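Here our numbering is used: the first residue of the sequence shown is 1, the next is one more, and so on.
We put the CB at the ideal spot given by N, CA and C, even for glycine.
Model, not experiment: these values are computed from the prediction.
Okay, so here's the structure we're looking at.
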Amino acid sequence: MKTVVSVSQGSGEYDYDIETSFLGQPFRIIRIGTDGDLSRAEAVLESVHPQADAIGLSMVHDHYEVGREQLEHPDTARLEACVPDKPVTTGAGLRAILQEWAVRHTQSELGHFFDNARVLFLNGQAGYRIARALSEHTENLFFADPYTDFGVPRLLTSLKQLETYTSLTAPIMFRPAAVKAVETILRTPLYRLGENLVKGSLHHAVSEAHVIVASIGDLENFTAKELDGKTVITSRVTDAAMDWMRSRKVAMVVDYSPWLEGRPVGVNVMEAMISAALSRTPDQLGPDDYLDVIQSLQIEPRILYPNGYRRVNRFAFVIHPLSQQYLTKTPPLDWVANVSPPVVMNLVEKAIAYSPPFIYSKVSGIRSPNGDEVEGWLITVGGTPREIMAHGPEFTYARLLQAAKLAKKLGAQIMGLGAFTKVVGDAGITVAKRAPLPITTGNSYSASGALWAAHDAMKKIGRVSIGPSGKAAGKAMVVGATGAIGSVCARLLAKAVDEIYLAAPEPAKLLALKESIEQETPGAIVHVAGSAERDLADMDMIVTATSGAGKRILDIMKVKPGCVITDVARPLDIPAEDVAKRPDVLVIESGEIQLPGEVHMKDIGLPKGIAYACLAETIVLALEARFENFTLGRNIEWEKVREIYKLGLKHGMKLAAISGVNGVFTEEDFERVRVLAASEEAPQAEGSSTPA
Numbered sequence: 001m002k003t004v005v006s007v008s009q010g011s012g013e014y015d016y017d018i019e020t021s022f023l024g025q026p027f028r029i030i031r032i033g034t035d036g037d038l039s040r041a042e043a044v045l046e047s048v049h050p051q052a053d054a055i056g057l058s059m060v061h062d063h064y065e066v067g068r069e070q071l072e073h074p075d076t077a078r079l080e081a082c083v084p085d086k087p088v089t090t091g092a093g094l095r096a097i098l099q100e101w102a103v104r105h106t107q108s109e110l111g112h113f114f115d116n117a118r119v120l121f122l123n124g125q126a127g128y129r130i131a132r133a134l135s136e137h138t139e140n141l142f143f144a145d146p147y148t149d150f151g152v153p154r155l156l157t158s159l160k161q162l163e164t165y166t167s168l169t170a171p172i173m174f175r176p177a178a179v180k181a182v183e184t185i186l187r188t189p190l191y192r193l194g195e196n197l198v199k200g201s202l203h204h205a206v207s208e209a210h211v212i213v214a215s216i217g218d219l220e221n222f223t224a225k226e227l228d229g230k231t232v233i234t235s236r237v238t239d240a241a242m243d244w245m246r247s248r249k250v251a252m253v254v255d256y257s258p259w260l261e262g263r264p265v266g267v268n269v270m271e272a273m274i275s276a277a278l279s280r281t282p283d284q285l286g287p288d289d290y291l292d293v294i295q296s297l298q299i300e301p302r303i304l305y306p307n308g309y310r311r312v313n314r315f316a317f318v319i320h321p322l323s324q325q326y327l328t329k330t331p332p333l334d335w336v337a338n339v340s341p342p343v344v345m346n347l348v349e350k351a352i353a354y355s356p357p358f359i360y361s362k363v364s365g366i367r368s369p370n371g372d373e374v375e376g377w378l379i380t381v382g383g384t385p386r387e388i389m390a391h392g393p394e395f396t397y398a399r400l401l402q403a404a405k406l407a408k409k410l411g412a413q414i415m416g417l418g419a420f421t422k423v424v425g426d427a428g429i430t431v432a433k434r435a436p437l438p439i440t441t442g443n444s445y446s447a448s449g450a451l452w453a454a455h456d457a458m459k460k461i462g463r464v465s466i467g468p469s470g471k472a473a474g475k476a477m478v479v480g481a482t483g484a485i486g487s488v489c490a491r492l493l494a495k496a497v498d499e500i501y502l503a504a505p506e507p508a509k510l511l512a513l514k515e516s517i518e519q520e521t522p523g524a525i526v527h528v529a530g531s532a533e534r535d536l537a538d539m540d541m542i543v544t545a546t547s548g549a550g551k552r553i554l555d556i557m558k559v560k561p562g563c564v565i566t567d568v569a570r571p572l573d574i575p576a577e578d579v580a581k582r583p584d585v586l587v588i589e590s591g592e593i594q595l596p597g598e599v600h601m602k603d604i605g606l607p608k609g610i611a612y613a614c615l616a617e618t619i620v621l622a623l624e625a626r627f628e629n630f631t632l633g634r635n636i637e638w639e640k641v642r643e644i645y646k647l648g649l650k651h652g653m654k655l656a657a658i659s660g661v662n663g664v665f666t667e668e669d670f671e672r673v674r675v676l677a678a679s680e681e682a683p684q685a686e687g688s689s690t691p692a
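What follows is the structure, encoded as structure tokens:
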């Protein structure tokens with residue numbers, strides 16, 4: 001039987017003595033904790049090394065390799081010198097493989113998990129291999145070494161900075177005399193006072209991180225408020241450690257340590273066992289030796305959820321002021337507006353359009369029924385629609401790309417474009433090509449939300465019966481049916497309404513669309529016409545989806561009372577003055593979405609927890625971990641409209657509100673349309689008796 005002894009600088013309360021089988025050989029493994037006493041560890045090593053076939057050193061510094069620097073810690077070297085004739089290891093060789101594999105395994109298993117994540121290393125030198133692997137997925141790497149080494153309230157913000165820091169401090173930190181001096185300084189009252197003054201900087205860094213790489217012991221001083229929702233990459237996660245993580249509301253733990261006999265074992269122990277089994281020193285072990293052991297024992301990183309499945313993804317969404325009046329509601333511009341003539345606010349509006357993007361609101365508390373969560377940021381660019389349209393597309397592109405860089409720095413994994421930012425130029429295509437993260441305009445869910453709202457509005461008004469399947473027993477028309485959005489709406493409406501009328505000045509395209517819909521939806525009744533005028537008066541629902549901004553699309557005075565019109569064109573097809581002429585008709589701009597969870601977000605002009613459909617699309621994609629360019633350009637794909645609708649339902653999205661040109665419709669608005677429509681039809685019914 002071969003014997004491996006693990007001598008740890010940790011507590012002796014976790015000591016054990018077990019027998020097991022390893023690589024077909026019997027082994028005895030003994031752990032002896034020395035409670036941080038280096039002299040005691042030396043004495044233990046001298047007493048046990050004659051009976052040991054290999055020795056592991058635990059809770060000591062590795063001999064680090066950072067960039068070109070090879071760092072030999074004097075305390076570790078001192079302990080190694082106590083065992084001149086037996087293999088002795090800290091597990092550095094195996095640890096490097098398992099650490100890097102933990103990152104690659106998690107990224108592969110969970111898909112884009114580390115993309116743009118803000119990762120904090122409490123010891124960057126110890127986690128250098130992890131940092132190198134993570135650098136392939138995120139540039140947001142932060143290292144607390146200056147704080148933990150010297151109490152300096154400064155984070156290193158790149159691998160290059162860590163390497164430079166190491167090359168400058170290694171001659172000091174890794175000399176025996178320097179180590180003693182630093183330990184003495186750390187115990188002085190003056191240092192403790194300085195530490196208390198700068199402690200907040202490290203706690204703030206933990207709060208702002210998404211992933212933390214640290215030993216479990218290094219996390220003990222942090223609270224549930226700071227660790228809530230975080231992912232921790234660490235080793236030797238016991239049941240007690242999981243209980244502690246649970247109490248701190250940690251979302252996910254990646255444990256890269258191997259397990260043996262139902263317990264996590266130190267990487268130093270495993271490497272010592274490999275050395276003993278193969279009769280080689282750690283320096284003689286090669287990649288094949290490690291790979292054979294890892295595969296034969298089926299060792300793989302563990303992804304753990306202390307409080308049940310919980311994954312937190314991140315998004316950003318770009319907003320902008322919709323008018324000069326929006327600017328007057330923002331301090332200190334509200335004061336300027338009150339004391340200045342209109343010409344001054346015109347100048348302010350122009351100046352604000354050139355301002356750099358800034359964070360308007362942090363968004364949190366969005367939680368899918370399946371346990372997925374998202375957090376995000378609303379990022380404001382300053383241009384009003386008038387200013388955006390007054391400049392060329394490149395003007396807005398530049399600001400959106402600035403916003404994308406900010407979003408990436410914050411940790412967002414996808415960014416959505418709101419309001420007029422998504423209609424400028426080629427509707428997001430150029431921005432997506434240049435941006436450092438995926439982009440979506442949200443138009444797929446906007447189209448879906450508008451039709452969803454129209455269907456619900458028809459039910460609320462009650463002028464059309466809805467069958468058990470949800471299909472309306474009425475007639476619907478799509479104006480601009482051969483366009484990108486129009487064709488999507490036509491395909492969806494064919495599944496929701498008894499008869500559908502397609503209007504567009506392109507006969508051949510209309511015939512092709514009709515044929516396609518009839519193949520996709522057997523039994524659909526589809527009519528086509530070159531214009532809307534002929535059949536307008538018979539429609540129960542009308543969808544306008546043209547690209548003819550500024551042109552009169554239909555004569556609203558010919559629409560029958562109680563009709564529901566959904567305007568999905570941007571800019572809108574039906575002007576506000578036309579809407580005002582027909583209080584007996586409901587003209588819908590959009591359907592707003594109720595987000596799942598306890599949502600925390602600044603006011604965006606909607607009730608608490610409710611979002612515009614384009615924002616909801618970005619959130620749905622983040623919940624689903626679909627970090628890809630989803631809706632771009634003016635050619636919306638109906639398959640994506642259907643897909644985002646289904647994904648929204650999966651994650652608990654609900655239609656929350658129906659909006660028109662004057663905002664969200666109330667129950668009184670629906671009642672008004674019901675009453676007016678009924679009263680206008682009554683005289684017609686009375687005068688329609690057959691003459692004698």
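Around the beta carbon of Q413, 16 or more other beta carbons sit within 10 angstroms, so the residue counts as buried. Counting along the chain, no alpha helix (DSSP H) covers T234; the unbroken beta strand (DSSP E) around it starts and ends at 231 to 234. Using a Cβ distance threshold of 9 Å, T440 and F630 count as a contacting pair. Pairing S446 with V568 gives a Cβ-Cβ distance under 9 Å.
Here Y612 is not near E643, since their CB atoms are 9 Å or more apart. The residues I414, F627, E628, N629, in chain order, have a CB closer than 6 Å to that of P438 in the same chain once the five nearest residues on each side in sequence are set aside. The beta-carbon distance between E589 and G660, rounded to whole angstroms, is 6 Å. This is short enough to meet the 8 Å contact definition. Residue environment for T223: exposed (fewer than 16 other C-beta atoms within 10 angstroms of its C-beta).
When secondary structure is reduced to three states using DSSP, L155 falls in the coil class, being assigned neither helix nor strand. Three or more pairs of CB atoms, one per stretch, sit closer than 8 Å, so the segment 114 to 133 contacts the segment 63 to 73. Note on geometry: alpha-carbon atoms of H49 and D85 lie some 9 Å from one another. Fully enclosed alpha helix (DSSP H) runs of no fewer than 4 residues occupy 638 to 650 of the segment 633 to 660, in order along the chain. Distance from the CA of V664 to the CA of A205, rounded to the nearest whole angstrom, comes to 41 Å.
Less than 9 Å divides the Cβ of G474 from the Cβ of D498. Within the model, the alpha-carbon separation for S279 versus L98 is close to 22 Å. P306 is not a Cβ neighbour of I352, given a cutoff of 9 Å.
Rounded to the nearest whole angstrom, the CA to CA distance from N313 to V374 is 5 Å. Listed in chain order, the non-local C-beta contacts of A403 below 8 Å within the same chain comprise A316, V318, P357, I379, V381, M415, local neighbours out to five positions each way being set aside. Contact between A481 and L511 does not hold, since the beta-carbon distance rounds to 11 Å and is not under 8 Å. Counted as a single uninterrupted DSSP element, the stretch harbouring G382 is not any beta strand (DSSP E), since DSSP gives it neither H nor E. DSSP places I414 outside any beta strand (DSSP E), giving it a letter other than H or E. Where Y16 is concerned, the enclosing beta strand (DSSP E) starts and stops at 16 to 22. Here L168 is exposed. Its C-beta has fewer than 16 other C-beta atoms within 10 Å. Taking 9 Å as the cut-off, the Cβ atoms of A214 and F121 count as close.
Distance check between K650 and each of E667, I619, A677 places I619 closest, using alpha-carbon atoms only.
Looking at the DSSP output, L38 shares a beta bridge with no other residue. The C-alpha of E300 lies about 29 Å from the C-alpha of E226.
Counting along the chain, the unbroken alpha helix (DSSP H) around E520 starts and ends at 507 to 520. By the beta-carbon neighbour count (other beta carbons within 10 angstroms, threshold 16), E387 is buried. For R78, the closest C-alpha among the options E680, D535, A43 is that of A43. Collapsing the DSSP output to three states places N313 in a strand. A straight line joining the alpha-carbon of R672 with that of R399 spans about 43 Å. Three or more Cβ pairs closer than 8 Å define a contact, and the segment 19 to 28 falls short of that threshold against the segment 232 to 240.
Where T566 is concerned, the enclosing beta strand (DSSP E) starts and stops at 564 to 567. Taking C-beta atoms under 8 Å as the contact rule, I553 and T544 qualify, at a distance of about 5 Å. With distances taken between CA atoms, M477 lies nearest to A490 out of G483, E394, I485, A490.
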